[in-house]
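Peer 1: Counting in the numbering used here, the sequence shown runs from 1 upward without gaps.
Using N, Cα and C, we set each Cβ at its ideal position, and we do this for glycine too.
This one's a predicted model, so the numbers in the text were calculated from it and none came from an experiment.
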Amino acid sequence: MSAMAPAHCDLLIIGAGPAGMAAAVAAAPSGASIVVIDDNPAPGGQIWRDGPGAALPPAARKWREALEHHANIRVCSGTRVVAAPAPDQLLLEDAERGWRMQWKKLILCTGARELLLPFPGWTLPGVTGAGGLQALIKAGLPVEGERIAVAGSGPLLLAAAATARAAGAKVVRIAEQASFAAVAGFAANLLRWPGKAAQALTLADGRYRTSSHILSVEGNGRVESVRLRQGAREVQVECERVACGFGLTPNTQLGQMLGCALEGGGARALAVDAWQRTSLPGVYAAGECTGFGGSERALAQGAIAGHAAVGNEVAARRHEAARARWSAFAAQLHRSFALAPVIRRLAQPDTLVCRCEDVPFSALADCSGWTDAKLHRRCGMGACQGRVCGDAAQFLFGWTPPVPRPPLSPARIATLAGLSDHNVGRQ
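1. Do you know whose CA, among Q332, H307, E313 and S30, lies nearest G154's CA?
2. Under 7 angstroms, Cβ to Cβ, is there at least one residue of chain D near A321?
3. Taking contact to mean 3 or more Cβ pairs, one atom from each stretch, closer than 8 angstroms, check whether the segment 60-71 and the segment 344-353 are in contact.
4. Apart from the five residues just before and just after S216, which ones in its own chain have a Cβ nearer than 7 angstroms to its Cβ?
5. Give me the DSSP bridge partner(s) of M101.
6. Looking at the unbroken beta strand (DSSP E) that takes in R229, where does it start and where does it end?
7. Put P6 into one of helix, strand or coil per three-state DSSP.
8. Is it true that the segment 359-376 meets the segment 395-403, where meeting means three or more beta-carbon pairs spaced less than 8 angstroms apart?
9. In the DSSP assignment, find the alpha helix (DSSP H) that holds V183 and state where it starts and stops.
10. Using a 10 Å radius around the Cβ and a threshold of 16 neighbouring Cβ atoms, would you call E96 buried or exposed?
11. Just reading off the beta strand (DSSP E) that G245 is part of, what are its end residues?
12. Give the range of the alpha helix (DSSP H) segment to which S362 is assigned.
13. Out of V143, A269 and A309, which one is the CA nearest neighbour of E288?
14. Here's the rule I'm using: 16 or more other beta-carbon atoms within 10 Å means buried, otherwise exposed. How should H307 be labelled?
15. Does the beta-carbon of A417 have 16 or more other beta-carbons within 10 angstroms, so that it is buried, or is it exposed?
16. Below 8 angstroms, can you find three or more Cβ-Cβ pairs linking the segment 107-114 to the segment 279-286?
17. Does the segment 224-238 come into contact with the segment 246-260, if we say contact requires no fewer than three beta-carbon pairs (one atom in each stretch) closer than 8 angstroms?
18. Mind pulling the beta strand (DSSP E) runs of 3 or more residues that sit fully within the segment 27-92?
19. Can you give the beta carbon distance from G44 to A26, rounded, assuming they're within the 8 angstroms contact cut?
20. Taking the alpha-carbon positions, what's the V353 to E68 distance?
21. So what does DSSP say about G425, is it helix, strand or coil?
22. Let me know the secondary structure DSSP gives C354 once reduced to three states.
23. Note down, in chain order, each residue of its chain lying with its Cβ closer than 6 angstroms to the Cβ of S409, except the 5 sequence neighbours on either side.
24. From what residue to what residue does the alpha helix (DSSP H) around P125 run?
25. Taking DSSP as the reference, what is the three-state secondary structure of A340?
26. Return the bridge partner residues of K170 from the DSSP annotation.
27. According to DSSP, is S216 helix, strand or coil?
28. Whole angstroms is fine: what's the gap from A298's alpha carbon to L254's?
29. Do the CB positions of A149 and V242 come within less than 7 angstroms of each other?
30. Report yes if the CB atom of R74 is closer than 7 angstroms to the CB atom of Q89, and no otherwise.
31. Can you tell me where the alpha helix (DSSP H) holding A303 begins and where it ends?
32. Name the one or two DSSP bridge partners that P250 has.
33. By Cβ distance below 7 angstroms, which residues in the same chain neighbour A167 in space, the five residues on each side in sequence not counted?
34. Looking at S295 and P18, is the spacing between their C-beta atoms short of 7 angstroms?
35. Which residues mark the beginning and the end of the alpha helix (DSSP H) in which A383 is found?
36. Could you name the residues of the same chain whose beta carbon sits closer than 8 angstroms to that of I234, not counting the 5 residues immediately before and after it, in chain order?
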């Protein structure tokens, strides 16, 4: 697969995770010219992330081989979207150059990112997201012999713990904030999805505790212990690393910048119809940018989007049952592991919310919204451009972040100069 993309394509897919791979393979038999853009070194997304410490599952290898099988699919790895300089056009950049890509149909498979919430000690070296810990280990981070505590909510905690154990770490505690009744109810319902039930059995861990949430991480310049609320009592567990996972937030920035609508009711996911079409003509979305639901749901949505984008609605319908089945699983997951109100009260007045600009919780408590916090407290003005603190602020204060503006990611001056000669007013 070549890393060079043509200037024009029939179908452009942003993201090479399960949804993007399935969309490309579904659309390929039509003969359309298909380009898949992804910022990772190889296809697979976060869930099938490759690296020195990764053991790719058979499903990931199967989908990679399927991409390679079709000559009309071109994958551009290590490539980011910078801006949308004109209708039906994106400005892209890789390690060597920036260029424009004109498309006839677009499928957004931009995935999701971890929701990182502030608590005392969350900025200490050694504290990461649960998914972040998995990514670091797969990339080769040595953790053998380290004591690791995992806290937060959802099945990702068990998956992160399993990854750490396989790399030689000692998992000393898995603290799940959901109640025993909620977790037990979720486990009982897994009989509807036998594969997930079998997977849960392989991830079972005797250090798993329900009704348990993080209070703080303690240490002098590094992680030394974690303080937890376990039921009615507090416990302190010594460790060298802490991984926290409070769920996922859909990556909707590109969709919003293009003008795609979000779901109602305060949701941050891209709104789609039965064919995975967004509110913008010619633009589809699939996978976790439409709401978190796991790789199986992403594969079904991607297949529907790929078939629908090339006009094959008959083939798209064949995946509707799978999408409905895994959407039901996603709904059960959200109900069982919804964050408790106490999680909103973890941050103390001096706890940093915006770690890039050192903005504490107390400085934001009286702000009227995101714009006020940005203008008067510099919250969101740092290196992450609000990707971390923006999600945290929405969870803590209910603020709605503004529509993203380009550039969507750091870019070279030479690439940005490409915007100056074409419809600057649009940006």
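Peer 2: Concretely, from the data shown:
1. It is Q332.
2. Chain labels in this structure do not include chain D; a single protein chain is all it has.
3. Flag = no, the segment 60-71 and the segment 344-353 do not touch.
4. Within the same chain, F119, P120, G121 and R227 come within 7 angstroms of S216 by CB-CB distance, once the 5 residues on both sides are set aside.
5. The secondary-structure analysis by DSSP pairs M101 across a beta bridge with L90.
6. Its beta strand (DSSP E) spans residues S225 to Q230.
7. Confidence at P6 is low in this model, with a pLDDT of 48, below 50, so its placement is unreliable and no value can be given for it.
8. At 8 angstroms Cβ cutoff, the stretches touch.
9. Segment F180 to N189, the alpha helix (DSSP H) holding V183.
10. Residue environment: E96 is assigned as exposed (fewer than 16 neighbouring CB atoms within 10 Å of its CB, all protein chains considered).
11. Residues R241 to G245.
12. Looking at the DSSP string, the run of the alpha helix (DSSP H) that includes S362 is F361 to L364.
13. It is A269 whose Cα lies nearest to the Cα of E288.
14. Per the 10 Å Cβ criterion, buried.
15. Answer is exposed; the Cβ neighbour count stays below 16.
16. Look at the beta carbons and you see the segment 107-114 touching the segment 279-286: at least three pairs across the two are nearer than 8 angstroms.
17. Contact between the segment 224-238 and the segment 246-260 is absent, with fewer than three C-beta pairs closer than 8 angstroms.
18. For the segment 27-92, whole beta strand (DSSP E) runs of length 3 or above, ordered along the chain, are 34-37, 73-76 and 80-86.
19. That pair is no contact at about 17 angstroms.
20. Straight-line measurement puts the Cα of E68 at about 44 angstroms from the Cα of V353.
21. Low local confidence applies: a pLDDT of 42 at G425 is under 50, so the model's placement there is unreliable, and no value is given.
22. Residue state, collapsed to three classes: strand.
23. Contacts found: R80.
24. No alpha helix (DSSP H) contains P125, which DSSP labels as neither H nor E.
25. Taken through DSSP and simplified to helix, strand or coil, A340 comes out as coil.
26. Looking at the DSSP assignment, K170 forms a beta bridge with R147.
27. Under the three-state reduction of DSSP output, S216 falls in the strand class.
28. Approximately 18 angstroms, taken between the alpha carbons.
29. A contact, by the Cβ cut-off of 7 angstroms.
30. Between R74 and Q89, the C-beta spacing is not below 7 angstroms.
31. Start and end: G294 to A309.
32. Beta-bridge pairing by DSSP links P250 to A112.
33. Scanning its chain for C-beta atoms nearer than 7 angstroms, with the 5 sequence neighbours on each side dropped, one finds around A167 the residues G53, I137, V143 and E144, in chain order.
34. Contact: yes.
35. Segment: none, A383 is in no alpha helix (DSSP H) and carries neither H nor E.
36. Reading off the sequence shown, one finds Glu at residue 234, where the question assumed Ile. Its chain contains L215, R227 and L228 as the residues whose beta carbon lies nearer than 8 angstroms to that of E234, once the 5 sequence neighbours on both sides are disregarded; these appear in chain order.
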